[in-house]
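Written out below as structure tokens is the structure these notes cover.
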Amino acid sequence: MSWFVGTATAAATATGPLSPWEYARATIAAVRDDAPGVRSYSLAIDESHRDRLAASQPGQFNMLYLPGIGEAAISIASPPGEHPVLHTVRAVGNVTNHLAGMRVGDDLLIRGPYGRHWPLEELAGADLIIAAGGVGLASVRAAVCQAAKHRDRFGGVAVLYGAKTPEDLFYQSDIAQWRAAGLTVELIVDRAAAGWEGPVGFVPQLLEQQPITAATAVITCGPEVMMRAVSTAAFARGLPPERFWLSMERNMACATGFCGLCQFGPEFVCKDGPVFRHDQIARYLEVPNL
Amino acid sequence: MPDSSAFWISQADLQRLFDCLRAAGFQTVAPQVRDGAVVYDRLDEAAGLPHGLVDEQDGGYYRLTHHPDAGPFEHVAGPHSLKNFLFPPRETIQQWRRQEGSWQQLADAESPQPLAVIGPRACDLAALAIQDRVFLEGDYVDPFYLARRKQLFVVAVNCRRAAATCFCHSMNCGPEVTAGYDLLLTPVGERFVVEIGSEAGATVVAELSDGQPTCAESDLAAAREVSRELASAMAARPTTPVRPAAEVSPQALSAASTPPHTDPPHRSLDTKNIRDLLLNNLEHDRWQDVAERCLACGNCTMVCPTCFCSSVTEVADLSGDNVVRERQWASCFTAEHGQMHGGNARPTTASRYRQWLTHKLAGWIDQFGTSGCTGCGRCITWCPVGIDLTEEVAAIREAST
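Chains A and B supply the protein sequences, listed in that same order.
Convert by adding 14 to the 1-based position in the first sequence; the result is the number in the numbering used here.
Heads up: the second sequence at position 193 corresponds to 181 in the numbering used here, and the numbers run straight through without jumps.
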């Protein structure tokens, strides 16, 4: 797929660094409707790039490119080593709306994986609280799958997941499997609907019911306001910020630190994040409009 | 390189320099006057250099004035820099074609022409080194920048004057050119001392230097003295004064028919702990104050020799089957820069100016181990309302101590 005909790529590969613009071809192998406006796409990656793309770590993201439409950063929902690669996407913009119109067998371009991942190795032995809001569940899915697969590596594992309404809760079959694997999964919705017997409210309420000890670590992904509320609730109960990780979102054009669009204070969300430990960016989280 | 390789040329020999560079396969790019400013563009004739012109610069002010005695390089930084050539304002980065439902990437047939740029100053070479760090020295390499950079030949020039907007001395980026050149010209009297900085430089000038007087120790000392004199003059400048808010209010600025360019304040910037100073003052009142004056036009980011933000536009033909991807400069002063699906990360001018200044002078240090500012002063000159980053930093420092 390398298209550089000049000396540039040769020099770049000779010294190690990658070109940011090298794409793999992905074929949509399956599409699943998860929730209103949310679909999961299983992407079969061309053979020459398959190993690299499937070797992602939980919390990393790929750039999905539709020529003529644009490119979007989408977190990787499938765990390391899994192929096809899974992306769960809410149709909210140009690229994601276009993607929503694509079918099994259609091609798109993909590059990645990019960014820092959830520190699961570092958290071996911890009691994990994984808090997700809305489509943010996609970016913690791989971490939850890893925790379910390697259940003995962690103490307690609780997944706290909130969505607007019951029909917005997705990954229902995953949730059943996670529970079967010994994970606690608690669900909450902002607005109940007929048949909903669970709690109504926001994710931080679910956190209140979880023990927080010296062994607790929290990882969270969702709207910034939700992550802020989760951190406030956790810190109020004594969790040190060094035990709290969150995944940030910003606009990106390159994903490799060149385009400058994703800056958050001095951090590039694409390469210094998207996963940050709270204390590393706490001072910037407090500043409006940064 | 040994000092003995340095030699003298006269202004009349400059054409031979152009000819040697072209004979070596380079397109020559040099300063020239266009629309009342000294810009860089293709130039084949030394006669096209801005002979006899000096640039007067101040906040929001740039005028060329005639000085019959002035040589071809008496101007200092204009609106262009090496960035325009290595990381051009707009470039095609990829082309795609859909064939039988499948996207194929077209090979880029066009490889960049080797460029020899005549005239960059110490601040420009400092900016080049900074852009090298951004584009070449991380985990990824920008292939487009690299392809041009590898073929770049630099004929640097030592300044012997500074505009009122220059503060390279504060940023340790000048005024003396010390590295990063293939050839270096230092104007001494009516002539130039030519020093060789690379193998490529030596090769190109083999013919040019033939028959020219070689430089003695004393000649090189005279060349060094040019920069030393300028450096001490710049160092003797006072720190940029902070004007009272009333003098820089939008009303006061619009009431002033001409900027105070007859005796403009000379700039300098106190960089002591500047990273912490700025990152500890992200909610300082001054950001709102500057936002009252800032038009968010993005001129500062366009003329800055190190600003590297960019976005990619998909340009498709009517069939949608042929797509060209164009990368163009982006500016943190635009709404698009901070756009996310949930809203804008930086919805106000205050937040955008803060992003620019704190990135340039503070965040850059975290990201690339260097300030993003070279003290070239372009952002001061080309700001339509004359916002001066040295004054803004001084104001924050003053209010923080």
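For each residue, glycine too, the CB sits at the ideal point set by N, CA and C.
Your pair Arg179/B and Ser(-2)/B checks out as a contact, with CB atoms roughly 5 Å apart and the cut at 8 Å. Each residue's CA atom was taken as its position, placing Val199/A and Gln316/B some 46 Å apart. Val176/B: member of the beta strand (DSSP E) spanning Leu171 to Val176, first to last residue. Annotated as distal: Thr230/A and Arg193/A, with beta-carbon spacing of 9 Å or more. The CB of Met328/B comes closer than 8 Å to the CB of Glu263, Arg264 and Asn265 in chain A, given here in chain order. For Tyr28/B, no chain A residue has a C-beta closer than 9 Å to its own C-beta; the minimum C-beta separation is roughly 23 Å. Around the Cβ of Glu98/B, a 10 Å sphere holds fewer than 16 other Cβ atoms; the residue is exposed.
According to the DSSP assignment, Val52/A belongs to the beta strand (DSSP E) that extends over Val52 to Ile59. For a cut-off of 8 Å, the C-beta gap from Ala387/B to Gly82/A is around 50 Å, too long to register as a contact.
CA-CA distance, Glu33/B to Gly357/B, rounds to 40 Å. Between Asp57/B and the set Ile368/B, Pro175/B and Leu270/B, the nearest pair of CA atoms involves Pro175/B. If you compare the alpha carbons of Gly150/A, Gly107/A, Gly212/A and Leu134/A with that of Arg165/A, the shortest gap goes to Leu134/A. When C-beta atoms of the segment 1 to 14 of chain B are compared with those of the segment 183 to 196 of chain B, three or more pairs fall below 8 Å, so the two segments count as touching. Note on the segment 192 to 248 of chain A: whole beta strand (DSSP E) runs with a minimum of 3 residues are 198 to 203 and 230 to 235, in chain order. Here the C-alpha atom of Leu220/A lies approximately 19 Å from the C-alpha atom of Pro254/A.
Between the alpha carbons of Gln277/A and Ser359/B lies a gap of roughly 16 Å.
At a beta-carbon threshold of 9 Å, the residues of chain A lying near Gly126/B are Pro31, Thr270, Gly271, Phe272 and Lys285, ordered along the chain. Within the segment 85 to 97 of chain B, contact with chain A at the beta-carbon level (separation under 8 Å) is assigned to Arg86, Gly89, Ser90, Trp91, Gln93, Leu94, Ala95, Asp96 and Ala97. Here the alpha carbons of Thr362/B and Cys111/B stand approximately 6 Å from one another. Taking a C-beta distance under 9 Å as the contact criterion, Arg130/A and Val289/A qualify as a contact pair. Taking CB atoms only, Ala144/B has no neighbour in chain A less than 9 Å away. Judged by DSSP in its simplified three-state form, Met290/B adopts helix. Around the Cβ of Glu281/A, a 10 Å sphere holds 16 or more other Cβ atoms; the residue is buried.
Not a single C-beta of chain A is nearer than 9 Å to the C-beta of Ser220/B. Counting only unbroken stretches of 3 or more residues, the beta strand (DSSP E) elements lying wholly within the segment 125 to 194 of chain A are 141 to 147 and 171 to 177, in sequence order. For the segment 106 to 130 of chain B, residues whose beta-carbon sits nearer than 9 Å to a beta-carbon of chain A comprise Val122, Phe123, Leu124, Glu125, Gly126, Asp127, Tyr128, Val129 and Asp130.
The CB of Gly308/B comes closer than 8 Å to the CB of Gly82 in chain A, given here in chain order. A direct Cα-Cα distance of roughly 31 Å separates Leu174/A from Leu275/A. Neighbours of Pro237/A in chain B, taken as residues whose beta carbon is under 9 Å from its own, are Gly330 in chain order.
Leu124/B carries a helical assignment under DSSP once its states are collapsed to helix, strand and coil. A direct Cα-Cα distance of roughly 30 Å separates Gln15/B from Val311/B. When the Cα atoms are used, Met262/A and Gly287/A turn out to be separated by approximately 7 Å. Between Ser206/B and Val182/B, the CB-CB gap reaches or exceeds 9 Å. Counting along the chain, Asn76/A sits inside no alpha helix (DSSP H); it lies in the beta strand (DSSP E) bounded by residues Phe75 to Leu80.
Three or more pairs of CB atoms, one per stretch, sit closer than 8 Å, so the segment 211 to 221 of chain B contacts the segment 138 to 149 of chain B. Distance from the CA of His39/B to the CA of Tyr28/B, rounded to the nearest whole angstrom, comes to 14 Å.
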